[in-house]
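This report refers to the structure that appears directly beneath it.
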Amino acid sequence: MSNSNNLKSRAVKPGGKDAGATAATSKANIDAALKKKKQAGSGPFSLANLAIIGILIGVLAAVYMFVLQPQETSSEKKAAKKERKLQSKNEKQKDVKLVKEGAFTESVNEGIREEGDVNRKEVDESPYYQEKPIAFPKPPDVRPAKCLQKEALYDTGNLTVSIVIPYLREKYQHIKGTVGSILAHTPARLLKEIVFISDGNTNEEAHEAKILKLSPLTRVIRLPTRHGLIYAKERGAREAKGDIVMFFEPHCVVGYKWLEPLVHMVQKKPNSLILPTLDYIPQDNWNAYSKASFGRYRFEWNFNLIYTNPPTGVDPETSRPFFAPATSGGIFAIRKDRFLELKLFDVPMHQWGGDQIELSFKAWRCGGSILVVPCSRVGHLFRDVAFRPYPVDVPQVVENYAKLARVWLEQPYLDAFLKVKPESARMALDANLTESRNNMANLKCKSMDWYVHHVDLELGWESTRICIPGAHNHPSGCKKPKAAPGRSTIDKVMPEADYIDWARRSEFFGNLDKHLDGDSEMPTQ
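In this text, residue positions in the sequence shown follow the working numbering: the first is 4, and each later residue adds one.
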């Protein structure tokens, strides 16, 4: 026998038996195994029988589960459902409390939630809100630090506020967010109503049914055809039921305790226009929010609105209200009776543009002022012309400006306007301005000369220095390479030393500040 055969015959299986000894019996073993397997397959524990037993056990379990097991009675079901509903309501109320107390804010430029001041307590307040608060982008608290110390000191008397919001082709997302933030951050005792003026919107654009569902305080006044922003504001003011009209826009987010400081200043200065500080929401991101840079509104001689820093004076982090020469015209508070007394928007202007000029001149020159309140913050979505959902007819705007200039500017200031708007001199105006001039006289309004010597010193300085760089074909064109930063009608701004000297020679600033009992400050202090 070869070695290979020998090795093969001596191989040992795991059982330890000799392979040579078992080889002779392999056939017999196989036959026996097959016989045993056949017998097993036909016994009581065959696979088929086990499968049948498994099915029977499953059927019996199902019968017990759905038939024999005791079921909840109808009353028990109702009790359990009521308990679940109560738990859900408690959770919602916790969420409302967080919104009410400002416990969460969103990062200025990110969508993450941050912990806020959870220890804040409302004083004599119960804001309107639904069981489930209306969603809106939560603004950060960017008020000056000293505003927190003033929260309990605001005197709002018994005044109530009607918020008037004209709108045209506005996104419902913005409308809903605006209302949501107002309801969450406004005391019920102050808020009389939120009045939407639908200026010629189609049924689809008006969102009327959805707006009315937002709150019992909302109502919609439909203008069948477009009359323009100026008329819509006037109509809203006349329809308002509150003591104060808060003109607003449908793409804003108000901050914590935004309304109380405004009403407080209206209470102290009933003849004035009171403005919140407008923070910045970019036109392409409704959820972003940036604190506004410090500044104030004023005009150039072409009546364009500009936002500039005072040459000297107010601390950028001041919590005290300060005076501004002008308003942007979209967001401000005024007593309703003062609005009617001033006969605002009596100059027959069309559609859009110019109302902010009349507001500013009437506020200052007819016995009042314009105040900006740093402790009142409103995030406003600023839009370029291309992003506005309505057209702006530039020649029509210039015509509105021309009407205002002929009512409110005497010489030499009318000439200053005509230098930068020469086309307005050639316009055939479509309105009789006699009534507007008579109203100005009856209100005993002050002159433009008074305004530039007591309110906007820079505008007076610029009246003799008009220069439009590079506009060679323009009557006021000059050879200067470029205009002053952010300007279009001058190439340099008033030096700080001149501003301070001019301000010192005017007693008006000090008298105004004293009249407010130290509660506000002029830009010259």
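Idealized CB from N, CA, C, for every residue including glycine.
For residue j and residue i, the rounded distance between their alpha carbons
i      : j      : result
Ile529 : Gln414 : Nothing about residue 529 can be read from this structure; the chain reaches only from 4 to 528.
Val496 : Pro472 : 14 Å
Tyr170 : Phe139 : 19 Å
His457 : Val350 : 24 Å
Asn274 : Ser184 : 28 Å
Thr492 : Val388 : 21 Å
Thr280 : His353 : 28 Å
Ser450 : Phe306 : 17 Å
Ser296 : Cys378 : 14 Å
Lys195 : Lys244 : 7 Å
Pro136 : Ala191 : 15 Å
Tyr292 : Ala235 : 28 Å
Pro253 : Arg238 : 17 Å
Pro319 : Arg368 : 27 Å
Residue from the options whose Cα sits closest to the Cα of residue i
i      : options                        : result
Phe250 : Asn204, Lys339, Pro227         : Lys339
Val376 : Pro264, Pro425, Ala389         : Pro264
Glu303 : Ile58, Ile503, Lys485, Trp464  : Trp464
Asp358 : Ser372, Ser379, Ala329, Cys378 : Ala329
Ser466 : Pro488, Arg440, Gly489, Leu412 : Leu412
Val198 : Ser165, Gly180, Thr181, Pro227 : Ser165
Ser363 : Asn312, Arg409, Arg380, Arg301 : Arg301
Trp355 : Leu345, Arg368, Gly332         : Gly332
Asp504 : Arg490, Leu460, Ala486, Cys470 : Leu460
Thr159 : Leu446, Gly298, Asp246         : Asp246
Phe335 : Ala486, Tyr502, His188, Leu262 : Leu262
Start-to-end residues for the beta strand (DSSP E) that takes in residue i
i      : result
Asp202 : 194-202
Ser439 : Taken as a continuous stretch (DSSP letters only), Ser439 belongs to no beta strand (DSSP E), being part of the alpha helix (DSSP H) at 437-445.
Tyr259 : No beta strand (DSSP E) contains Tyr259, which DSSP labels as neither H nor E.
Ala336 : 335-338
Asp282 : 276-284
Residue i (DSSP reduced to helix, strand or coil)
i      : result
Glu109 : The predicted model places Glu109 with a pLDDT of 31, which falls under 50 and marks its position as unreliable; any figure quoted below should be read in that light. Of the three classes helix, strand and coil, the one that applies to Glu109 here is strand, per DSSP.
Ser450 : coil
Gly370 : coil
Ala155 : helix
Val395 : coil
His456 : helix
Val381 : strand
Ala295 : coil
Ser165 : strand
Gly356 : coil
Glu118 : Low confidence applies to Glu118: its pLDDT is 26, below 50, so where it sits in the model is not reliable, and the reading given next is rough at best. Glu118 falls in the strand class under three-state DSSP.
Ile493 : coil
Ile58  : helix
Phe342 : helix
7 Å Cβ cutoff, residue i in contact with chain B
i      : result
Phe250 : The structure shown contains no chain B, having only a single protein chain.
Boundaries of the alpha helix (DSSP H) in which residue i is found, first to last residue
i      : result
Arg241 : 232-242
Leu220 : It is not in any alpha helix (DSSP H) - Leu220 carries neither H nor E in the DSSP assignment.
Val266 : 263-271
Ile137 : No alpha helix (DSSP H) contains Ile137, which DSSP labels as neither H nor E.
Thr189 : It is not in any alpha helix (DSSP H) - Thr189 carries neither H nor E in the DSSP assignment.
Validate contact between the stretch 185-204 and the stretch 221-238 using beta carbons, cut 8 Å, 3 pairs = yes
Do the stretch 434-452 and the stretch 378-390 meet, that is, are 3 or more Cβ pairs less than 8 Å apart?
-> no
Inter-stretch contact at 8 Å, needing at least 3 Cβ pairs: the stretch 482-497 / the stretch 399-406 = no
Hey, is the stretch 361-380 in contact with the stretch 317-328, meaning 3+ C-beta pairs nearer than 8 Å?
-> yes
So does the stretch 140-147 actually touch the stretch 212-219, counting three or more Cβ pairs closer than 8 Å?
-> no
Validate contact between the stretch 205-215 and the stretch 173-184 using beta carbons, cut 8 Å, 3 pairs = yes
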